[in-house]
Amino acid sequence: MIGGRRFFSSSWHAMNQPKETNPVRDIRIFGARQNNLRNLDVSIAPHTLTVITGPSGSGKSSLAFDTLYAEGQRRYVETFSPYSRQFLDRCDRPKVDRIEGVPPAIAIDQTGTVRTSRSTVGTMTELNDYLKLLFAREAQLFCADCASPVRSLSPQQMWESIRERAARSDDPRLTLTFDALVPGAIALEQAIEALSLQGFTRIHSQRKSASGTILSVVVDRFRASRAGQSRAIEAIESALSHARGEYAGRFAVHAQDESGSEQVWQYRSGFACPECGRTYQQASAASFSFNSAIGACPQCRGFGRVIGLDMGLVIPDETKSLEEGAIKPWQSGQSQECQQDLMRFAKAKGIRTDCPFRDLTAAERAWVIEGDPAFNGRNWNRCWYGVREFFKYLESRAYKMHVRVFLSRYRSYETCPVCEGSRLKPEGLLWRVGSKKAAEAAEAGGADPSKGAYRRFVPIPMRAIAQKVQDLPGLTIHDLMLLPIERLRAFFEVLRDETDDEPGQLVIKESLSRLSYLVDVGLGYLTLDRQSRTLSGGEVQRVNLTTALGTNLVDTLFVLDEPSIGLHPRDMDRVNALMQGLKGEGNTLVVVEHDPQVMMNADRIIDMGPGSGEQGGSIVFDGTPREILKAESLTGLYLRGRLRVDTSLSLIPQDAFRGWLTLKGAREHNLKNIDVAFPLGAISVVTGVSGSGKSTLVGDILVPALQRALGQAVACGAYGELVGWNRISEVMFVDQAAVGKTTRSNPVSYVDAFSEIRAIFAAMPLAAERGYKPGDFSFNSGGGRCPTCQGAGFERVEMQFLSDVFLRCPDCGGTRYRPEIREVTINLDGRGEVSIADVLEMTVDQACLYFRAHRDIVRRLKPLQDVGLGYIKLGQPVSTLSGGEAQRLKLAGILAASSRFSAGRLFVFDEPTTGLHFDDISKLMRVLRRLVAAGSSVILVEHNLDVINCADWVVDLGPEGGDAGGHVVAACTPDELAGNGSSYTGRALAAYRQMLCGERKTMAGLFGSKAEDKPEIGKPLQSVWRGARRGDMGIFGAREHNLKNIDVVVPKNRFSVVTGVSGSGKSTLAFGIIFSEGQRRYLTTLNAYARSFVQPGLQPDVERVVGIAPTVAIEQ
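If you're matching positions, the sequence shown starts at 3 in our numbering and goes up one per residue.
Written out as structure tokens, the structure is:
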């Protein structure tokens, strides 16, 4: 017996076996030809961390995701039932001769972001589900009127409460009464006689009311110290049962001390406030869910926002006067009559119309917007109706399409006035979890008090007693949603120590685990209420990474796509430590990455290349991080500093700046009323740790403020003043939104060069003879496209339980066009006859050469060459482009849309280096330098140290993320930033420069920020077991069905048999625990849509299962 439980002897025998002599075999790939891969043979050792790098489009994702992950996931999913498989994301079988030894695979990439407003960080991580369960079980209700605790007490609990109160009051004489209403139509004597017949012979008091006389009927009198429990409970039950009408379920206890003074203690059955008598309903888990009709706010239906009139869009420029057209919707069309009415009524009222709108008094502004107080809805021709009444009138005509279009220009989302953004019904916000100590731990900033205090959310029903709310114990569910995850973890750590019951501990333990992982991957600044669609690709991937970490699976292949995206160099050690932890648990990691910190952390680096597209698809280096520093591959040359992004780029000195664009008083989200200046005619970089306010500053305030100043009606964050905007002629904002998923979109149409090419074909004599127009040479519409595949080039065959099959169109052979359309050819300057289908098969480089006499076509294709996309085909679907290629295609599209680089144009990019190799970044920076040389200005939101090193000006926000961010840490040149020891970015930049010069080998440990070591929660036996045998599977405290709290060790790479008499628990152990838990953990990594159909099994009744891999069951 060990720890009070019996171990199987076979388990101890397995633990004492000699060291494994037959290790897990390698993952072997033979003849990989997916996309541009050139018949590769690759072997990956298990339980290692492999980084695949190389130029954008060199075949990294084709090898990692389209080959390795696709086969690992496909093979495991095929073990599911046909019904289940139809709901799962099914990967196609990769083009490969064979793959050996591939384990079940999990992909953690940047795709699959949920775009609905109902998806939040809380729903993505399933922490909302845990919070619902926690509140349904552990929450305490507080009265909305008096903030008193509200409990549903049984007669037994009421008696215990009475005894406690009596003990504190020196055991007074107690009189237990209930109220009875005697209507005025009934004689009081008759009512008293009727009560007497029921055994109630004493009346404590009586009082008059509008409905009659209220009698306080005595049920019993006693002292709590002398009364027996049965007598007291019988009296309480009698009082509750005899009370009627509005007094039903209520009674009072009159406590009279020796001096004759009396206290009255009110009690009530059900959920009712003992002080004021207000009744409430018992809450369920659905009461705390905004995705349930039971808990969602009825006004906004759980979205937290409603659509309303936005005065910032109606009056975008407050520097204009009413005469100059400050009211934007009344400056054109039929609405101009309203402008004339405004001028007429304003003159009669004495309202100033010749001064800027912002200089009008509050009364004058109210008159313009709300209308004259004398307006009654009918006298519109004699009295001013106001801007708001004008839009109310339009809303009554919203059944007309043109009216709805007009309204949409001046409406935006605003916080719901009923729930104030909490998404829940007011009743759900009256429940609180935790003690005052737990609330104070979260409000004070967790482990770092310097992060500032958090003020609790006060629901509208409790607004009159707001001060009392601040003093209540615990927090509401919306308080927890608004807390940064780092503070939320501090709350749960205190709550864990205060909770005694086992189910509550289980929920808290799971929540703490997920919260800790989110902090470890650098997302401690997020809140659970943050909408998923506002997250960057890197943030989405790291949220998904926490789900994978929480599964605790082993012998699984994890394929990651650039986990460093959106992550500041300060936090890279944490992510590296987490990946090493996954590897240490017995998993294999394959990471597509360009960041030097991740590459140097790997066991092995595979460098793809040598070029992109058709010039890529080969392995140019395969070895350790130490060996690549000596290699002659493109990656190796950049890593050791032989090639550098900044060698051919000259920075612009400060005295050569063309002026400044200054944003004053930025205070949206966590920005602390900051002033930021950006130089014009230069490249500026906004950087800082994750959550410091970069996207808020640039994407939510600066860009919308400039667009408003330039006459566009857009919503904008809070700021004071924008100075220097008149030097800007146009704003171009390139964010991380996907280029497109349709196979019909391609590079030549994206840069709008296809129209010119089709016009050339339509001008050919054969085309004119047949009456072809440019539209006939389009594969998206018209009569020229293949009628069989509708211009797609392939046919999609839907398979019921397998992946859909795409077959080359048998009629057009994949060319997309009818044969007669392909008969029309061109031969420009004797460079060979080509059809429209042949043009789509040309690369950008070939097309620029072939159409060099047509300036408009070359002008639109040239930007593709400039950003390094000369190798892609004109007709290649954009859905097949890599992440880096898609980013550069967006940049090329903007450049192609500009006929010339006019001075005063501002380009703003949000992390443009996503998916880019060092060499791709070098090409990008050269293009940006050309923009600046042509008179434009560039602002980048970036963490990439190569880009920061090449910038003319750097704005560093921080110093931390979330509440502790929002300040300007530094605004200077890169050289000055590198010498700023108080800036995390400056220290990282200085270390990176040393690494490129050979003075430093790695940046690991620069900030000392690693994933926190979490204490093992479990039995001491577990640590002994883990030290005794690595890799084995352990089941601890199995109590499912008839299992008697047993511990079992299943040796790895051994054939184990579970036997015993019928009904002894064999199937419970093998299928009910081992198979069920292995499959359940894998299914939790799938998206929520798939899990809604393929329900993961319930967690078995077991203390802990460690060392388990995804499982397959072969049963009867």
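All residues carry an ideal CB built from backbone N, CA and C; glycine is no exception.
Next item on the list: Out of Y819, G816 and A855, state which residue places its alpha-carbon closest to the alpha-carbon of N829.
Entry: A855
Note to self: Tell me the rounded alpha-carbon separation between Q342 and K351.
What the structure shows: 14 Å
Notebook entry, point to check: CB-CB under 6 Å to T790, same chain, minus the five flanking residues each way: which ones, in chain order?
Noted result: C811 and D813
Next item on the list: Return yes when the Cβ of D737 is within less than 8 Å of the Cβ of G701, no when it is not.
Entry: yes
Check: Roughly how many angstroms separate the alpha carbons of S414 and R367, rounded to a whole number?
Finding: If I take the Cα positions, the gap works out to 21 Å.
Notebook entry, point to check: Of the choices R746, A898 and V826, whose alpha-carbon is the least far from that of G795?
Noted result: R746
Check: With distances taken between CB atoms, is the gap from I510 to F493 smaller than 8 Å?
Finding: no
Next item on the list: Would you list the one or two residues that DSSP bridges to F224?
Entry: DSSP lists L176 as partners of F224.
Note to self: On the DSSP bridge list, what partners appear for L477?
What the structure shows: V435
Checklist line | Residue of L580, V556, R544 and I950 minimising C-alpha distance to D111 | finding: R544
Check: To which residues of the same chain is L673 closer than 7 Å at the C-beta, ignoring the five residues directly before and after it?
Finding: G695, T698, L699 and G968, listed in sequence order.
Notebook entry, point to check: What residues in its chain sit with their C-beta under 8 Å from that of G251, if we drop five residues either side in the sequence?
Noted result: L242, A245, R270, S271, G272 and A274
Note to self: Buried or exposed for G186, going by 16 or more other Cβ atoms inside 10 Å?
What the structure shows: For G186, the number of other beta carbons within 10 angstroms of its own is below 16, and it is reported as exposed.
Notebook entry, point to check: So, helix, strand or coil for I1, using DSSP?
Noted result: What is shown of the chain runs 3 to 1118, which leaves residue 1 out entirely.
Check: Does the Cβ of A953 have 16 or more other Cβ atoms within 10 Å, making it buried, or fewer, making it exposed?
Finding: buried
Note to self: Do D648 and N982 count as a contact pair if the criterion is CB distance below 8 Å?
What the structure shows: no
Margin query: In whole angstroms, give me the CA-to-CA distance for A769 and Y852.
Written below: 20 Å
Checklist line | Close beta carbons around P1102, own chain, < 8 Å, minus the five adjacent residues each side | finding: A1040, E1042, G1074, I1075, S1078 and E1079
Notebook entry, point to check: In chain order, what residues of the same chain have a beta carbon less than 7 Å from the beta carbon of P358, not counting five sequence neighbours either side?
Noted result: Counting only Cβ-Cβ distances below 7 Å, and skipping sequence neighbours, we find E320, T321, K322 and S323.
Next item on the list: State the start and end residues of the unbroken beta strand (DSSP E) segment that holds H206.
Entry: Annotation for H206: the continuous beta strand (DSSP E) segment containing it runs I205 to S211.
Notebook entry, point to check: Should the segment 56-64 be regarded as contacting the segment 613-622, the criterion being three or more beta carbon pairs within less than 8 Å?
Noted result: The segment 56-64 makes contact with the segment 613-622, as at least three CB pairs between them are under 8 Å.
Check: Within 10 angstroms of its Cβ, does V1059 collect 16 or more other Cβ (buried), or is it exposed?
Finding: exposed
Margin query: Between the alpha carbons of R532 and L485, how many angstroms are there, rounded?
Written below: For R532 and L485, the distance between alpha carbons rounds to 10 Å.
Next item on the list: Pick helix, strand or coil for S620, following the three-state DSSP scheme.
Entry: Correct three-state label for S620: strand.
Next item on the list: Look up V123 in the DSSP assignment and say whether it is helix, strand or coil.
Entry: helix
Notebook entry, point to check: Between T203 and H256, which are expected to be in contact by the criterion C-beta below 8 Å, what is the C-beta distance as a whole number of angstroms?
Noted result: About 17 Å separates the Cβ atoms of T203 and H256, ruling out a contact at the 8 Å cut-off.
Notebook entry, point to check: Under the three-state reduction of DSSP, which class applies to R406: helix, strand or coil?
Noted result: helix
Margin query: Once DSSP output is grouped into helix, strand and coil, what is the label at Y873?
Written below: Y873 carries a coil assignment under DSSP once its states are collapsed to helix, strand and coil.
Margin query: In the DSSP output, what is L42 paired with across the bridge?
Written below: Its beta-bridge partners are A34.
Item checked: Distance, Q1081 Cα to T1113 Cα -> One C-alpha to the other measures close to 5 Å.
Item checked: Closest by C-alpha distance to F290, when choosing among L143, Y412 and P276 -> Minimum Cα distance to F290 is reached at L143.
Margin query: I need the DSSP call for T536, collapsed to helix, strand or coil.
Written below: helix
Note to self: Looking at V750: is its Cβ nearer than 8 Å to the Cβ of V910?
What the structure shows: no
Margin query: I'd like the list of long-range same chain contacts for E277, defined as Cβ closer than 6 Å, with 5 residues on each side in sequence excluded.
Written below: C148 and S150
Check: Three-state secondary structure (DSSP) at S63?
Finding: helix
Next item on the list: Put V1114 into one of helix, strand or coil per three-state DSSP.
Entry: coil
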